[in-house]
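Written below as structure tokens is the structure these notes are about.
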Amino acid sequence: ERLDGWRKALQNGHEIGNHSNTHPCSGNYAWVGKGNELENMTLKTMRQNLLAANDSIKAALGIVPKHFAYPCGQKYVGRGNTLKSYVPLVAELFSSGRGWFEEMDNDPMFCDFAQLAGREMDGKTFDQIKTFIEGAKGHGDWLLLAGHEMGEEGSQTTRISMLRQLIGYAKDPANGIWLAPVGEVQAYIAAQRGK
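Here the sequence shown is numbered in this note's numbering, starting from 3 and rising by one per residue.
What follows is the structure in structure tokens.
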């Protein structure tokens, strides 16, 4: 329904990432559908899920996603003594994998591109985001903001008014902020690391 908008986003330099085909999360969330629980998945079923999403994105937009966002920020399949991380799978299939709802930023010279820390920006004011920015600047870290819908209302909605303020702030060279897509920042960091 929004395919033209996604095509425009690509033309304007935005990156389109993979977020899985079925958004599997812990079955402890009441809204997770039967059969879509991470606890009941394997590395094989997760691989199939991620590749199916890649295929859909390629069919619709003509690109294969290079970046991944972990649904619910959760990075495992199975349970108990059969639990396994699917971070290695993300490392194999994508250039980067972004977490969600984390309370840290990314040390550019240390961070693992397959499990980057993502900070929630949904529902936040610019002043709240500016606190994140100042904390990251103070440590020389990479702040990776993550959100869901765009608008002005809703619990999982990134406020457009906040984004406008953030973009204005980042455009002012006096603030020393570089605002760029994940892949662009990652490529710069990899070059600085010599990798």
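Think of the CB as a built atom: it goes at the ideal place given N, C-alpha and C, for glycine as much as any other residue.
Tell me which same chain residues have a C-beta within less than 8 Å of the C-beta of residue i, skipping the five on either side of it?
i	result
residue 43	26, 51, 79, 80
residue 141	107, 109
residue 68	17, 19, 96, 97, 98, 185
Which class does residue i belong to by DSSP, given the choice of helix, strand or coil?
i	result
residue 113	coil
residue 1	The requested residue 1 is not part of the displayed model; the chain covers only 3 to 197.
residue 86	strand
residue 3	coil
residue 182	coil
residue 102	coil
residue 92	helix
residue 41	helix
Any idea if residue i is buried or exposed, counting beta-carbon neighbours within 10 angstroms, 16 or more meaning buried?
i	result
residue 98	buried
residue 182	exposed
residue 126	buried
residue 73	buried
residue 91	buried
residue 149	buried
Determine, using beta carbons only, whether residue i and residue j come nearer to each other than 8 Å.
i	j	result
residue 28	residue 45	no
residue 184	residue 17	yes
residue 128	residue 168	yes
residue 102	residue 75	yes
residue 5	residue 62	yes
residue 77	residue 66	no
residue 83	residue 55	no
residue 71	residue 49	no
residue 161	residue 151	no
residue 24	residue 38	yes
residue 164	residue 131	yes
Take residue i and list the residues in its own chain whose beta-carbon comes closer than 6 Å to its own, dropping the five residues that flank it on each side.
i	result
residue 134	121, 145
residue 147	121, 123
residue 179	172
residue 93	116
residue 137	none
Can you give me the start and stop residues for the alpha helix (DSSP H) that residue i sits inside?
i	result
residue 128	128-141
residue 166	162-173
Span of the beta strand (DSSP E) holding residue i?
i	result
residue 58	Counting along the chain, residue 58 falls outside any beta strand (DSSP E), though it belongs to the alpha helix (DSSP H) covering 45-63.
residue 71	69-71
residue 151	151-153
If I measure Cβ to Cβ from residue i and keep anything under 7 Å in the same chain, skipping five residues before and after, which residues do I get?
i	result
residue 188	97, 98, 115
residue 105	none
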